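Number of protein chains: 6
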Amino acid sequence: MKELFGSEPKPGAMQEDFQDITAEHLFGDIWTRPGLELQERSMITVTALTVLGREQQLKTHLRGAANIGISRKKINEMMIHLAHYGGWPVAVNGLRIAGEVFDEHEKNKK
Amino acid sequence: MKELFGSEPKPGAMQEDFQDITAEHLFGDIWTRPGLELQERSMITVTALTVLGREQQLKTHLRGAANIGISRKKINEMMIHLAHYGGWPVAVNGLRIAGEVFDEHEKNKK
Amino acid sequence: MKELFGSEPKPGAMQEDFQDITAEHLFGDIWTRPGLELQERSMITVTALTVLGREQQLKTHLRGAANIGISRKKINEMMIHLAHYGGWPVAVNGLRIAGEVFDEHEKNKK
Amino acid sequence: MKELFGSEPKPGAMQEDFQDITAEHLFGDIWTRPGLELQERSMITVTALTVLGREQQLKTHLRGAANIGISRKKINEMMIHLAHYGGWPVAVNGLRIAGEVFDEHEKNKK
Amino acid sequence: MKELFGSEPKPGAMQEDFQDITAEHLFGDIWTRPGLELQERSMITVTALTVLGREQQLKTHLRGAANIGISRKKINEMMIHLAHYGGWPVAVNGLRIAGEVFDEHEKNKK
Amino acid sequence: MKELFGSEPKPGAMQEDFQDITAEHLFGDIWTRPGLELQERSMITVTALTVLGREQQLKTHLRGAANIGISRKKINEMMIHLAHYGGWPVAVNGLRIAGEVFDEHEKNKK
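Here is the structure:
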């Protein structure tokens, strides 16, 4: 979780029980399973959030993707591909959010 | 397209104009773009089809995934991960279809 | 309703209360409102059912579309267009179902 | 409607015809049917809006839920449950909106 | 799980790891949490599956609902209500599946 | 594209490759195909975006619809119809956005 998001979630950021379940089950038990590289888990998470139109979580996971070294170019390419499976609008939104996230990410690195 | 599906689509399998657009635009122009490996395109396509519940196309693209060497173990792992982003039912369906596709694929290889 | 589907729904085809609400409210009050031609209502209904992946109802309403004189060519064109807004799979499914419906419709006319 | 939302909708809040249909058909004819308690109708409405990601209407109906005495604890529990059927993101959004609505509701009661 | 479905799942019914996660996490940790009655969990699960169009899982959970004593009348009423939040087609499908499940359930009881 | 949106898209409004694909493939090759009138393409695009809840693109295409002479009355009627196929919330959102777009459109014409 820290590797992906650069920090632990702030206390109070989520309802307490759900934060525990998320930390223990989703990030503790699922994201750490073998069989997929962290970058692969990040790519399929970004894909799912893009085509389902979950924009807030997409932003969070695009930040994660940038943190673990997935390039802006690769994300853009994913969005162009996904336009054809989830429809143009999900790619328009995905590319806009990716643009914001990577602009911010590159600014922070300087 | 042949690399992925093992054969060219049969004439008459789709409405003619749409088959042309699919062959030229989607498989000709988009799937061949640089920036993503073929296996990566396959993985994000399978992901999109899984969470959107497009079962018939998921079956086709899981066959493609098997053809280009993505393992059953990796697909299973993707489905377990996606249960948490698209809901349990999309993973139940995805794992069932993947089971059928990989059973068939392994039988054909013998 | 009869104009669209060629017959009244059979008793017992739907749960009774819901059939009444559908007949009175949806077909009685909504489909008969001025402001849209019957063909326009049919086109937007087919569009909604296509992109939402409601295949059974899509089949019913494609039969309705054929009954009121919307051509196979127009429906095909709609599906090709919608591939770009709802994703390729909804058009693949829509064109397949439209093919079945119009084949049947043309056979019945002879 | 007044029981649920604490007031009648303001004139002009919605397009006029649709406001009439909503008041007469949806709230007049459907919400008042026997067979489900008002609290049960509220719970399934909140559930549908959560998993479909209709955030604006979810906010309105969470206010309704609070007005008719459904507890914050119960809503939180529903969201944790729904994470597993609609995916984590719908629960994250649902819990955030529920947090805002119940904070406001408790403040207004004082 | 046994209370709801009348039996434990057959070995091999699901991919093994996912079956373990489902049994331990979803049915073990989540469905047993306090804060919602079993009937309430069943009702919101049925609601989510209905509006998301997950027909296979809906059938399974409608059987569960019947097993724990939720009446056909109540399920029908839920579907009529949900037509207005998820669209007519999800209710048409939900009522058809509920009809099959409750016919079977009543036959088995005799 | 210019006929629909009143202007060419600003450079930099979208990721460059995707803007090219959109201009050449979607607007160049698809929207210009015979078989559907421009107004019909606009109507089915608005319908798809409404029921899929793609609000930002819906706003853009409602502006397009107004530009090519589709009336506010017709759009309102479409939304009332679509409430019954995509659920009430998509119509509430669609009517709100249409209200904003047509208010702006009528103000600009004076």
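Chains V, U, G, L, E and P are the protein sequences, given in the same order. For the first sequence, the numbering used here begins at 3 and goes up steadily by one. For the second sequence, the numbering used here begins at 3 and goes up steadily by one. For the third sequence, the numbering used here begins at 3 and goes up steadily by one. For the fourth sequence, the numbering used here begins at 3 and goes up steadily by one. For the fifth sequence, the numbering used here begins at 3 and goes up steadily by one. For the sixth sequence, the numbering used here begins at 3 and goes up steadily by one. Cβ atoms here follow ideal geometry from the backbone N, Cα and C, with glycine treated the same way. As the structure is a prediction and not an experimental result, all values here were calculated from the model.
Query raised in the report: Can you tell me whether DSSP reads W33(U) as helix, strand or coil?
Result: Translated into the one-based positions of the second sequence, residue 33(U) becomes position 31. Reduced to three states, the DSSP call for W33(U) is coil.
Query - Contact list for K76(G) against chain P, beta-carbon separation under 9 Å - result: Within the third sequence, residue 76(G) is the residue found at index 74, counting from 1. G37, L38, E42, listed in chain order.
Query - Residues near A85(P) by beta carbon distance below 6 Å, same chain, minus five either side - result: Translated into positions along the sixth sequence, residue 85(P) becomes position 83. Result list for A85(P): A93, in chain order.
Query raised in the report: Closest Cβ-Cβ distance between V48(E) and chain G: below 9 Å?
Result: The sequence position of residue 48(E) within the fifth sequence is 46, counting from 1. False, the Cβ-Cβ gap to chain G never drops below 9 Å.
**Report entry** Which of helix, strand or coil DSSP assigns to P91(L)
**Finding:** Taking the fourth sequence and counting its residues from 1, one reaches residue 91(L) at position 89. Looking at P91(L) - three-state DSSP - the assignment turns out to be helix.
Query - Nearest candidate by alpha-carbon position, reference H83(U), set R43(U), V48(U), E57(U) - result: By one-based count along the second sequence, residue 83(U) stands at place 81. Ranking the options by Cα distance to H83(U), first place goes to V48(U).
Query raised in the report: At a cut of 8 Å, does the region 49-58 of chain E reach the region 88-102 of chain U through at least three beta carbon pairs?
Result: The region 49-58 of chain E makes contact with the region 88-102 of chain U, as at least three CB pairs between them are under 8 Å.
Query raised in the report: Quick one, which residues of the region 51-63 of chain U are near chain G if we go by CB-CB under 8 Å, in chain order?
Result: Listed by position along the chain: L51, L54, G55, R56, Q58, Q59.
Requested in this report: Check the Cβ-Cβ distances between G96(P) and every residue of chain E, and say whether any is below 9 Å.
Outcome: Position 94 of the sixth sequence, counted from the first residue, corresponds to residue 96(P). With 9 Å as the cut-off, G96(P) does not count as an interface residue toward chain E.
Query raised in the report: For a contact meaning CB atoms closer than 7 Å, what does H27(E) contact in chain V?
Result: By 1-based counting over the fifth sequence, the position of residue 27(E) is 25. Neighbours of H27(E) on chain V, chain order: H27.
Query raised in the report: Exposed or buried, what is R56(G) when buried is set at 16 or more other beta-carbons lying within 10 Å of its beta-carbon?
Result: Here the question's residue 56(G) lines up with position 54 in the third sequence. Classification of R56(G): buried, given that the 10 Å Cβ count is 16 or more.
Query raised in the report: Candidates E5(U), E42(U), K109(U): which alpha carbon is nearest I77(U)'s?
Result: Against the second sequence, residue 77(U) aligns to sequence position 75. Measuring C-alpha to C-alpha distances from I77(U) to each of E5(U), E42(U), K109(U) identifies E42(U) as the nearest.
Query raised in the report: For E5(P), does the count of other Cβ atoms within 10 angstroms reach 16, so buried, or fall short, so exposed?
Result: On the sixth sequence, residue 5(P) is found 3 positions in, with the first residue counted as 1. The residue in question, E5(P), is exposed, as its Cβ has fewer than 16 Cβ neighbours within 10 Å.
Requested in this report: Would you mind sorting E79(L) into buried or exposed? The rule is 16 or more other CB atoms within 10 Å of its CB.
Outcome: For the purposes of this step, residue 79(L) is identified with residue 77 of the fourth sequence, where counting begins at 1. E79(L) should be labelled buried.
Query raised in the report: Under the three-state reduction of DSSP, which class applies to A15(E): helix, strand or coil?
Result: Stepping through the fifth sequence from its first residue, residue 15(E) is reached at position 13. Coil, per DSSP.
Requested in this report: Count the C-beta pairs between the region 60-70 of chain G and the region 18-26 of chain U that are closer than 8 Å, then say yes if the count reaches three, no if not.
Outcome: Fewer than three beta-carbon pairs drawn from the region 60-70 of chain G and the region 18-26 of chain U are found closer than 8 Å, and the two stretches are therefore not classed as touching.
Report task. Sort G37(L), I99(L), R98(L), S44(L) by Cα distance to I72(L) and report the nearest one. Result -> Along the fourth sequence, read from residue 1 onward, the residue named residue 72(L) stands at position 70. Of all alpha-carbon atoms in G37(L), I99(L), R98(L), S44(L), the one lying nearest the alpha-carbon of I72(L) is that of S44(L).
Query raised in the report: Run through DSSP, which three-state label would E57(L) get?
Result: Looking up residue 57(L) in the fourth sequence gives position 55. Secondary structure of E57(L) (DSSP, three-state): helix.
Requested in this report: Would you mind sorting G1(V) into buried or exposed? The rule is 16 or more other CB atoms within 10 Å of its CB.
Outcome: This structure does not reach residue 1(V), given that chain V is present from 3 up to 112, and the question cannot be answered.
Query raised in the report: Count the other CB atoms within 10 Å of the CB of N110(G); is the residue buried (16 or more) or exposed (fewer)?
Result: Mapped onto the third sequence, residue 110(G) falls at position 108. Burial call: exposed.
Report task. Compare the C-beta of L6(U) against all C-beta atoms of chain V and say whether one is closer than 9 Å. Result -> Residue 6(U) sits at position 4 when you count from the first residue of the second sequence. For L6(U), the nearest beta carbon of chain V is not closer than 9 Å to its own beta carbon.
Query raised in the report: Quick one: what's got a C-beta closer than 8 Å to M3(G)'s C-beta in the same chain, skipping five residues either side?
Result: Counted from its first residue, the third sequence places residue 3(G) at position 1. If we look at M3(G) and ignore the five residues flanking it on each side, its Cβ neighbours are E10, P11, A25, F29, W33.
Query raised in the report: Can you list, in chain order, the residues of its chain whose CB lies under 6 Å from that of G96(G), leaving out five sequence neighbours each side?
Result: Numbered from its first residue, the third sequence carries residue 96(G) at position 94. T52, M81, listed in sequence order.
**Report entry** Alpha-carbon spacing of E102(L) relative to F20(V), whole angstroms
**Finding:** As a first step, residue 102(L) is located in the fourth sequence; it is residue number 100 there, counting from the start. As a first step, residue 20(V) is located in the first sequence; it is residue number 18 there, counting from the start. E102(L) and F20(V): Cα-Cα distance of roughly 16 Å.
Report task. Round the Cβ separation of L64(L) and A100(L) to the nearest angstrom and send it over; I've been treating them as touching at under 8 Å. Result -> Translated into positions along the fourth sequence, residue 64(L) becomes position 62. Translated into positions along the fourth sequence, residue 100(L) becomes position 98. Correct: roughly 6 Å between the Cβ atoms.
Query raised in the report: Is the shortest distance between the beta-carbon of M80(E) and the beta-carbons of chain L less than 9 Å?
Result: Translated into positions along the fifth sequence, residue 80(E) becomes position 78. Yes, M80(E) lies at the interface with chain L (some Cβ there is under 9 Å from its Cβ).
**Report entry** Neighbourhood of G8(E) by C-beta, 6 Å cutoff - its chain only, sequence neighbours within 5 removed
**Finding:** What you label residue 8(E) is simply residue 6 of the fifth sequence in a count that begins at 1. Sequence-distant partners of G8(E) (beyond 5 residues in either direction) whose C-beta falls short of 6 Å from its own C-beta, in its chain, are N69.
Query raised in the report: Taking 9 Å as the CB-CB limit, is A93(G) close to chain A?
Result: Although the question refers to chain A, the structure presented lacks it and instead comprises the protein chains V, U, G, L, E and P.
Query - Closer than 9 Å to chain P by CB, A85(V) - result: As a first step, residue 85(V) is located in the first sequence; it is residue number 83 there, counting from the start. Yes, its Cβ sits closer than 9 Å to a Cβ of chain P.
Query raised in the report: Could you give the distance in angstroms between the alpha-carbon of D31(G) and the alpha-carbon of P36(U)?
Result: On the third sequence, position 29 is the one that residue 31(G) refers to. On the second sequence, position 34 is the one that residue 36(U) refers to. Between the alpha carbons of D31(G) and P36(U) lies a gap of roughly 54 Å.
Query - Helix, strand or coil at L38(E) [DSSP, three-state] - result: Here the question's residue 38(E) lines up with position 36 in the fifth sequence. Per DSSP, reduced to three states, the secondary structure at L38(E) is coil, with no helix or strand assignment.
Query raised in the report: Between R74(P) and L40(G), what straight-line distance do the alpha-carbon atoms span, to the nearest angstrom?
Result: As a working note, residue 74(P) is residue 72 in the sixth sequence. As a working note, residue 40(G) is residue 38 in the third sequence. Computed Cα separation, rounded: 18 Å.
Query raised in the report: What span of residues does the alpha helix (DSSP H) with K4(E) cover, start to end?
Result: Position 2 of the fifth sequence, counting from 1, holds the residue named residue 4(E). Run containing K4(E): 4-7, per the alpha helix (DSSP H) assignment.
Query - Closest Cα partner of I46(L) within the set P13(E), Y87(E), R98(E) - result: On the fourth sequence, residue 46(L) is found 44 positions in, with the first residue counted as 1. Ranking the options by Cα distance to I46(L), first place goes to Y87(E).
Query raised in the report: Does DSSP put K112(G) in a helix, in a strand, or in coil?
Result: One-based indexing of the third sequence puts residue 112(G) at position 110. It is coil, neither helix nor strand.
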